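Q: Numbering (the numbering used here), first residue to last: 78 to 194. Handing you a structure now.
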């Protein structure tokens, strides 16, 4: 039972980090040259997952921009809002599932303690 609670806490931390990364990407969607980050999850031997944040170095679209009479090629961010919205929803639902697991584990432990009284 304790391992299930540990795994749920691990999931909360991991998906909380993913929500943070997605929010950072969305906040910088209009920042020229910004490179989005993505979260990968690594299983740890004791149970649960560890979030690993990696930068996606793929190039964003380039546009010709006129600045003070000079035309220059500018790379835009490589953030895809559609992809980020999907990642946000997945992370939120996974966070909620881990929270529900934690609540169920807490209730079960409470019941076990009540039985022992």
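Every residue, glycine too, gets a C-beta built ideally from N, C-alpha and C. Small disclaimer: the values here were computed from a predicted structure and weren't measured.
Mind the definition here: the stretch 179 to 193 touches the stretch 81 to 99 only if three or more C-beta pairs lie below 8 angstroms; say whether that holds.
A: yes
Q: In whole angstroms, what separates the C-alpha of residue 169 from that of residue 145?
A: Indexing the chain shown from 1 puts residue 169 at position 92. Indexing the chain shown from 1 puts residue 145 at position 68. Rounded to the nearest angstrom, the two C-alpha atoms are 44 angstroms apart.
Q: Taking the alpha carbon of residue 115 as the point to measure from, which residue in 130, 166, 105, 92 has its own alpha carbon closest?
A: The residue labelled residue 115 in the question sits at position 38 within the chain shown. Here the closest residue by C-alpha is 130.
Q: How far does the alpha helix (DSSP H) with residue 111 in it extend, from its first residue to its last?
A: Against the chain shown, residue 111 aligns to sequence position 34. No alpha helix (DSSP H) contains residue 111, which DSSP labels as neither H nor E.
Q: Looking at the structure shown, is residue 147 part of a helix, part of a strand, or coil, going by DSSP?
A: What you label residue 147 is simply residue 70 of the chain shown in a count that begins at 1. Note: residue 147 maps to strand in three-state DSSP.
Q: Can you check which of these residues, 97, 81, 89, 148, is closest to residue 162 by C-alpha distance?
A: In the chain shown, counting from the first residue as 1, residue 162 sits at position 85. If we check each option's Cα against that of residue 162, 97 comes out closest.
Q: Assuming residue 106 and residue 165 form a contact by the criterion Cβ under 8 angstroms, report the distance between their Cβ atoms to the nearest whole angstrom.
A: As a first step, residue 106 must be located in the chain shown, where it is residue number 29. As a first step, residue 165 must be located in the chain shown, where it is residue number 88. Actually they do not touch by this definition, with Cβ atoms about 13 angstroms apart.
Q: Following the continuous beta strand (DSSP E) through residue 126, name the residue where it begins and the one where it ends.
A: As a first step, residue 126 must be located in the chain shown, where it is residue number 49. 126 to 132 is the extent of the beta strand (DSSP E) around residue 126.
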